[in-house]
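Asks: So the sequences go chain by chain: A and B. Per the UniProt record's numbering, the very first residue in the first sequence carries number 1; after that it's consecutive. Per the UniProt record's numbering, the very first residue in the second sequence carries number 1; after that it's consecutive.
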Amino acid sequence: MSTQEIPEENLPVEQGTAHGAVKVADDPFADPGLPPHKPRIQDIDERAAKRSERAVAFMFVLSMLATVAFIAAYVIFPVDKIVYIWPFGHVSALNFSLGWTLGLALFFIGAGAVHWARTLMSDVEMADERHPIQASPEVKAQVMADFAAGAEESALGRRKLIRNTMFGALALVPLSGIVLLRDMGPLPEDKLRKTLWARGKQLINMNTHEPLRPEDVAVGSLTFAMPEGLSEHDHGFQTEIAKAALMIVRIQPDDIKDKRELEWSHEGIVAFSKICTHVGCPISLYEQQTHHVLCPCHQSTFDLSDGARVIFGPAGHALPQLRIGVNDKGFLEALGDFEEPVGPAFWERG
Amino acid sequence: MSTATETKNKKAPAGERVADWADGRLGIYTLAKANMRKIFPDHWSFMLGEIALYSFIVIILTGVYLTLFFHPSMNEVEYHGSYVPLQGQLMSEAFNSTMHISFDVRGGLLIRQIHHWGALIFLAAMFVHMMRVFFTGAFRKPREINWLFGFLLFFLGMFTGFTGYSLPDDLLSGTGVRFMQGAILSVPIIGTYISMFLFGGEFPGGDFVARFYSAHILLLPGIMLGLVVAHLILVVVHKHTHYQGPGRTNNNVVGMPLMPVYMAKAGGFFFLVFGVIAIVAAVATINPIWAIGPYRPDYVGTGAQPDWYMGFAEGLIRVMPGWEINLWGHTLVLGVFIPLLLFPLVLGAIAVYPFIESWITGDKREHHIAQRPRNAPTRTAFGVAWITAYGIMLVGGGNDIFATHFNLSINSITWFVRIFFFAGPVIAFIITKRICLGLQRRDHDKVLHGRESGIIKRLPHGEFVEVHEPLSAGDRYKLTAHEQYEPAELPPAVDENGVERKISRTEKLRVKLNKSYYGDGSQIAKPTAEEYKEITEGHGHH
Chain A
1 MSTQEIPEEN
11 LPVEQGTAHG
21 AVKVADDPFA
31 DPGLPPHKPR
41 IQDIDERAAK
51 RSERAVAFMF
61 VLSMLATVAF
71 IAAYVIFPVD
81 KIVYIWPFGH
91 VSALNFSLGW
101 TLGLALFFIG
111 AGAVHWARTL
121 MSDVEMADER
131 HPIQASPEVK
141 AQVMADFAAG
151 AEESALGRRK
161 LIRNTMFGAL
171 ALVPLSGIVL
181 LRDMGPLPED
191 KLRKTLWARG
201 KQLINMNTHE
211 PLRPEDVAVG
221 SLTFAMPEGL
231 SEHDHGFQTE
241 IAKAALMIVR
251 IQPDDIKDKR
261 ELEWSHEGIV
271 AFSKICTHVG
281 CPISLYEQQT
291 HHVLCPCHQS
301 TFDLSDGARV
311 IFGPAGHALP
321 QLRIGVNDKG
331 FLEALGDFEE
341 PVGPAFWERG
Chain B
1 MSTATETKNK
11 KAPAGERVAD
21 WADGRLGIYT
31 LAKANMRKIF
41 PDHWSFMLGE
51 IALYSFIVII
61 LTGVYLTLFF
71 HPSMNEVEYH
81 GSYVPLQGQL
91 MSEAFNSTMH
101 ISFDVRGGLL
111 IRQIHHWGAL
121 IFLAAMFVHM
131 MRVFFTGAFR
141 KPREINWLFG
151 FLLFFLGMFT
161 GFTGYSLPDD
171 LLSGTGVRFM
181 QGAILSVPII
191 GTYISMFLFG
201 GEFPGGDFVA
211 RFYSAHILLL
221 PGIMLGLVVA
231 HLILVVVHKH
241 THYQGPGRTN
251 NNVVGMPLMP
261 VYMAKAGGFF
271 FLVFGVIAIV
281 AAVATINPIW
291 AIGPYRPDYV
301 GTGAQPDWYM
311 GFAEGLIRVM
321 PGWEINLWGH
331 TLVLGVFIPL
341 LLFPLVLGAI
351 AVYPFIESWI
361 TGDKREHHIA
371 QRPRNAPTRT
381 AFGVAWITAY
391 GIMLVGGGND
401 IFATHFNLSI
411 NSITWFVRIF
421 FFAGPVIAFI
431 ITKRICLGLQ
441 RRDHDKVLHG
451 RESGIIKRLP
461 HGEFVEVHEP
471 LSAGDRYKLT
481 AHEQYEPAEL
491 PPAVDENGVE
501 RKISRTEKLR
511 VKLNKSYYGD
521 GSQIAKPTAE
531 EYKEITEGHG
541 HH
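Rendered as structure tokens:
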């Protein structure tokens, strides 16, 4: 990039080097220079200037009043008072009044200052010279000489042993910092492959917290379940439910197109992971007629009557199914854990 | 000793003595000499960066206030605050303390809303400011580094925003964090490790709020503050660009002095920005976590949307087909990993543009005159194409909202986005370039024939003509002062000695690109003095 040579004639002429002067008398496009200053009404008429002064002062006074009103509102309105204000609807009286008074107090300081600058401060345009950012050749030569002297005195180039060991030491020392990060979390191991589900665990209805019976699951309804023994008050509840969340629907067994799905179901009741295989949102929209479920985050759509395969959207694979049956007490139970990891795909998933 | 006797004779005013004291220690007079009457040019578009700066300050001020009450902890507690509908619910301490700020701390809700609105405005202002700099070519030498500082601020601002709105641990932001964690899992080989390390175990675990908190209030804003200071120092060192016009050259800066005009205008503008954000926060609710509820990994609301600046990433992840490759016992999650890569790549395209353009032009000179977008058609067209891609992805990110509000099929919106993410920028590029050239032609005609006055004159022989008013010398200069590059040419294949010249591939590419920038059909030649004289002196004007 730096080696290319650009012929001078391919670059446009340096524009307008002679500021303010007409370069060539008969050039119709010459720079006429800064236009003369046009006085404002305040520059000529002292009464107009006085009016501007009063306007600025008035705005500063309004700001002061707004601050007083802010403090008054803070003291007067209880924090939970709700009032109806058209067209905003029901609003918190305190939030509404504090916001407006603070906003106006600030706004009028700004408006006053800007009005002052625009009407009363000089608006004569002035020009500052620019100087090249690049240093002059003399300065550069001086710096290069200084640098060479410094480098020579340090003998960094000559004493290679010092240089190399110093680089080595500096390269190694940040490793301590990286090693210290090791305990930020555990290794993945097989954590993402396992959930709380296991053979014999009953399916607990998320709403009633009661074990589910097959007859509780009606055609066309969507039921959410968690494994027996998990409680919302448990310490690790959030992390466990993030993997174990289950959705249950009942489909006429004749309508189930996937053979394995039918085998793993109970009288047409099928249980799938609720966690989307895309990036892990909980799936929650169910279309009764088609048995499609839709993830409301990124619209991945799965066909629950066909092994929960993806029929639209960004998900990459079907929802894992949980094999279920009925125990001797007549409750739905899991016949094992999910056979594949639930949730988003990852490198080790395979 | 002589100064001592002088001060005994006549004591300087108190202000001056304080200034003397400070100067003796800080050298303030030398600083003031260079900067007190520093000239700043005036243009509305120079105000956009100020909005960004001031909203950043507003965010810092309100953010400090919020830390007084916020508890960055994921310990589960039962809610017993004054908001009745959530009484008795389990939630993290983070959510609980955000509820406390919103309902029990007087003015807490206002500060929270100013903070959040300020963040949206900060990012929007940075975006628009960046576009102003881009379209006027203000990123050219010597300002390329400052362009990168600005870009980094925008990029870091997005993550500061993301880590910030995730802190309340509400259902909406938790869904966003889950999305981020799912995206991290897609990274080949190390994805699961990064996720475990970031969250201190499996998602959501009990650590991420505290970790996001230190990133949000210390690490990211600390870096950003440093970048803002560096950005401003460079603005002062380079002196601001100005637009071409009479008396404005590449070697001067025309405007008004810092003291008093810009102290009042810019200082006042801080209050205007703060005031407007405060009023917006008073009347428009933002992120009502009480209506959204605390996070549960197995709950979700419909219409979940990130804050606007993350909508682009959201779009990428929504419209990408779900490609997964399973090989040798491993999964390559392209459907998520490609969007994760595209996110920085698409943004990075605009960040490196200044270096590409300077390579294409081969121009090593300093540029202090901001260009009119029409006079750089290819760049302008590229910028509009980039914005189009960005905008299409925003549509993709809100495909559910578009579907419900405009009664459209979500599938067709998704397909529209998939196609137009590629086609849209091409169409936008072509249209923009044509518009720019059209505007250049209009400038050309305006200079030669003057402004249409709207007066219709009937000539003695019955012909109607419209009277064109000639432009003032200043306006003529304004419309003709811009630079026009000659297209680059490859040197002849053989040199004067008949030896075959070796031309590198990159040089060939550079010349090709240069021709597409400045060759035929990419710019309209400026009117020449001869053309002008012929028309004005020749046969009148029409």
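Note that beta-carbon positions come from the ideal geometry of N, C-alpha and C, so glycine has one too. Note that the coordinates shown come from a computational prediction; the quantities given were computed from them, not determined experimentally.
Under DSSP, the beta strand (DSSP E) around Asp255(A) begins and ends at which residues?
Replies: Per DSSP, Asp255(A) lies in no beta strand (DSSP E) segment and is marked neither H nor E.
Asks: Hey, would you say His115(B) sits closer than 8 Å to Leu156(B), going by beta carbons?
Replies: no
Asks: CA-CA distance, Ala21(A) and Gly247(B)?
Replies: Reliability of the predicted coordinates at Ala21(A) is poor, the pLDDT of 44 falling under 50, and the value obtained from them is presented with this limitation in mind. If I take the Cα positions, the gap works out to 8 Å.
Asks: Indicate whether at least one CB of chain B lies closer than 8 Å to the CB of Pro39(A).
Replies: no
Asks: Under 8 Å between C-beta atoms, does Asn95(A) make it to chain B?
Replies: yes
Asks: In terms of residue numbering, what span does the beta strand (DSSP E) encompassing Asn252(B) cover?
Replies: 252–257
Asks: Measuring alpha carbon to alpha carbon, tell me which of Glu366(B), Ala370(B), Pro492(B) ends up nearest Gln244(B).
Replies: Ala370(B)
Asks: In three-state DSSP terms, what is Asn399(B)?
Replies: helix
Asks: Provide the residue span of the alpha helix (DSSP H) that contains Leu148(B), from first to last.
Replies: Start and end: 144–165.
Asks: Would you check if there are 3 or more beta carbon pairs closer than 8 Å linking the segment 28–38 of chain A to the segment 461–476 of chain B?
Replies: Yes, the segment 28–38 of chain A is in contact with the segment 461–476 of chain B.
Asks: By the three-class DSSP mapping on this structure, what secondary structure does His242(B) have?
Replies: strand
Asks: Using 8 Å as the cut-off, can you tell me whether the segment 315–324 of chain B makes contact with the segment 304–320 of chain A, which would need three or more C-beta pairs spanning the two stretches below that distance?
Replies: yes
Asks: Establish whether the CB of His115(B) and some CB of chain E are separated by less than 8 Å.
Replies: Among the protein chains in the structure shown, which are A and B, there is no chain E.
Asks: Using a Cβ-Cβ cut-off of 6 Å (strictly less than) and excluding sequence neighbours within five positions of Asp23(B), which residues of its own chain qualify?
Replies: Tyr29
Asks: Determine, using beta-carbon pairs with one atom in the segment 115–124 of chain B and one in the segment 154–172 of chain B, whether at least three such pairs fall under 8 Å.
Replies: yes
Asks: Tell me the DSSP secondary structure of Ser63(A) in three-state form.
Replies: helix
Asks: Looking at the secondary structure, which residues open and close the beta strand (DSSP E) in which residue 548(B) lies?
Replies: Outside the shown range of chain B (1 to 542) lies residue 548(B), about which nothing can therefore be said.
Asks: Give a yes or no on whether the minimum CB-CB distance between Tyr286(A) and chain B is below 8 Å.
Replies: no
Asks: Is any beta-carbon of chain B found at less than 8 Å from that of Gln252(A)?
Replies: Not closer than 8 Å to any Cβ of chain B, the Cβ of Gln252(A) fails to qualify, so no.
Asks: Using the C-alpha atoms, what's the distance from Gly268(B) back to Ala127(A)?
Replies: One Cα belongs to Ala127(A), the other to Gly268(B), and the distance between them is close to 24 Å.
Asks: Name, please, each residue of chain A whose Cβ falls closer than 7 Å to the Cβ of Met196(B).
Replies: Gly185, Pro186, Leu187, Pro188
Asks: Among Asp298(B), Pro188(B), Ala19(B), which has the Cα closest to the Cα of Ala32(B)?
Replies: Ala19(B)
Asks: To the nearest angstrom, how far is it from the Cα of Ile360(B) to the Cα of Pro491(B)?
Replies: 16 Å
Asks: What residues match up with Pro282(A) in a beta bridge as DSSP calls it?
Replies: Ile275(A)
Asks: Alpha carbon to alpha carbon, how far is Met121(A) from Pro260(B)? Give it in angstroms, no decimals.
Replies: 7 Å
Asks: Under 7 Å Cβ to Cβ from Gly330(A), same chain only, skipping five residues before and after it: list those, please.
Replies: Arg213
Asks: Taking C-beta pairs closer than 7 Å, name the residues in chain A that Ile410(B) reaches, listed in chain order.
Replies: Gln299
Asks: Measuring alpha carbon to alpha carbon, tell me which residue in Lys364(B), Val64(B), Pro487(B), Glu314(B) is nearest Pro221(B).
Replies: Val64(B)
Asks: Looking at the ligand FMN, does it come within less than 7 Å of Gly206(B), judged from the CB to the closest heavy atom?
Replies: This structure simply doesn't include the ligand FMN, nor any ligand for that matter.
Asks: May I ask you to list the residues that DSSP assigns as paired with Thr223(A)?
Replies: Ile248(A)
Asks: With 8 Å set as the bound, which would you pick, yes or no: does the beta-carbon of Trp197(A) sit closer than that to a beta-carbon of chain B?
Replies: no
Asks: Measure the CB-CB distance between Val105(B) and Phe69(B) and report whether it falls below 8 Å.
Replies: yes
Asks: Below 7 Å CB to CB, which residues in the same chain sit around Gly335(B) once its five sequence neighbours on both sides are set aside?
Replies: Met320, Pro321, Gly322, Trp323, Glu324
Asks: Here's the rule: buried if 16 or more other CB atoms are within 10 angstroms of the residue's CB, otherwise exposed. What is Met247(A)?
Replies: Buried is the label assigned to Met247(A), since at least 16 other Cβ atoms lie within 10 Å of its Cβ.
Asks: Starting from Gly335(B), trace the alpha helix (DSSP H) in both directions and tell me its first and last residue.
Replies: 334–361
Asks: Can you give, in chain order, each stretch of the alpha helix (DSSP H) that sits fully within the segment 83–138 of chain A and has at least 4 residues?
Replies: The segment 83–138 of chain A is shown to contain whole alpha helix (DSSP H) runs of 4 or more residues at 93–119, in chain order.
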